[in-house]
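Beneath this line is the structure, given in structure tokens, with notes to follow.
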Amino acid sequence: MLSFITNTHDPHYIRQRANSLENITSARHDTDRKHLLLAASGSVATIKIPEIIKALSKYEGKLSIRILLTSSARHFLNGQSAEQPTVSSLMHMPNVEAVYDDADEWGPQPWKRGASILHIELRRWADMLVVAPLSANTLAKIVNGMSDNLLTSVIRAWDTDGGIDNKKKVIAVAPAMNSAMWRHPITAKQIRVLAEDWGAKEPIPAEGEGEGEGEGEGKAPSSDPSEPVGWFQVIKPISKTLACGDTGGKQHSVTSSSYEMITN
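Residue numbers (full-length UniProt numbering): 1 to 264.
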């Protein structure tokens, strides 16, 4: 009896149950709420994830959130401070149903023929994927089609035209990197790939942003507003001082547009 009580109150046990393939498969049939897959890659802006979740709490009862963290992103949420809580504490925040990392893709049991695969189930479950922050490293991986972790596997397996899941769904990314990385020629080239090859439209302006703000920010080609929205969208960063002391872009402006983008 004591073991039973201990297990059900253990954060790891609770997270393991929430992350099970059975859980996500059954959750796909929850049509009363919109499904947001919120991901973070290895940028110091990962510390804004709790802020994003709190900002979306006004949609309680209308929104279901599953968090996906890369191995690098986990380093920024290890209980260092109130601003940087533990990963397990995210499970107790409004609308959050589960938290995943790379270890969940093939664990804890060996995969068997015919079994479900997590990155496929996450794609099927999600109405929208938001990557905030998107690091320079993950941007490069996405553009080059790499799928070496759970996040990039979800993106690589995304149904870009709705031909598989019978529903066209959006991936929105919020680049967050220091100014030197953002101004690097390869970054502009990679953003152009997203815009020209993957149907991304003009970057979504951040909250309160005026024309010409920030330094060295790239621009995607302008588009006809009458055209349908593409499957990939880039949220334009704003120049600011990062938590590490360098200058870079912020990403928490995604909070105001995520739910509206899902419902549209």
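For every residue, glycine included, the Cβ atom is placed at its ideal position computed from N, Cα and C. Bear in mind that the values here come from a model prediction, so they are computed numbers and not experimental data.
Output the boundary residues of the alpha helix (DSSP H) element that contains residue i.
i	result
Q190	P185 to D197
P50	I49 to A55
R74	S71 to R74
What span of residues does the beta strand (DSSP E) with residue i cover, start to end?
i	result
E121	Per DSSP, E121 belongs to no beta strand (DSSP E); it is in the alpha helix (DSSP H), L118 to W125.
Q233	F232 to V234
K34	K34 to A40
Are residue i and residue j close, meaning C-beta to C-beta below 7 Å?
i	j	result
L38	V130	yes
Q84	L90	no
R124	R28	yes
A188	Q233	no
S135	S41	yes
T152	K168	no
A176	S43	yes
Q190	V143	yes
H35	S64	yes
A98	R66	yes
A174	I117	no
W231	V193	no
P133	A55	no
K62	R33	yes
P94	E121	no
D102	L150	yes
Under three-state DSSP, which class holds residue i?
i	result
M181	helix
R28	coil
N95	coil
L77	coil
V87	coil
G216	Confidence at G216 is low in this model, with a pLDDT of 38, below 50, so the placement of that residue should be treated as unreliable; the coordinate-derived value is given next. Note: G216 maps to coil in three-state DSSP.
S223	Confidence is the limiting factor: at S223 the pLDDT is only 43, short of 50, which leaves the residue's position unreliable, though a coordinate-based value still follows. Looking at S223 - three-state DSSP - the assignment turns out to be coil, as it is neither helix nor strand.
G208	The predicted model places G208 with a pLDDT of 47, which falls under 50 and marks its position as unreliable, so this point remains unresolved.
S20	coil
Is it the case that the region 104–116 contacts the region 154–171, given that we only count it when at least three CB pairs across the two stretches are under 8 Å? Segments in contact, no.
Whole alpha helix (DSSP H) elements within the region 127–179, 4-residue minimum: The region 127–179 contains these whole alpha helix (DSSP H) runs: 136–143 and 150–156.
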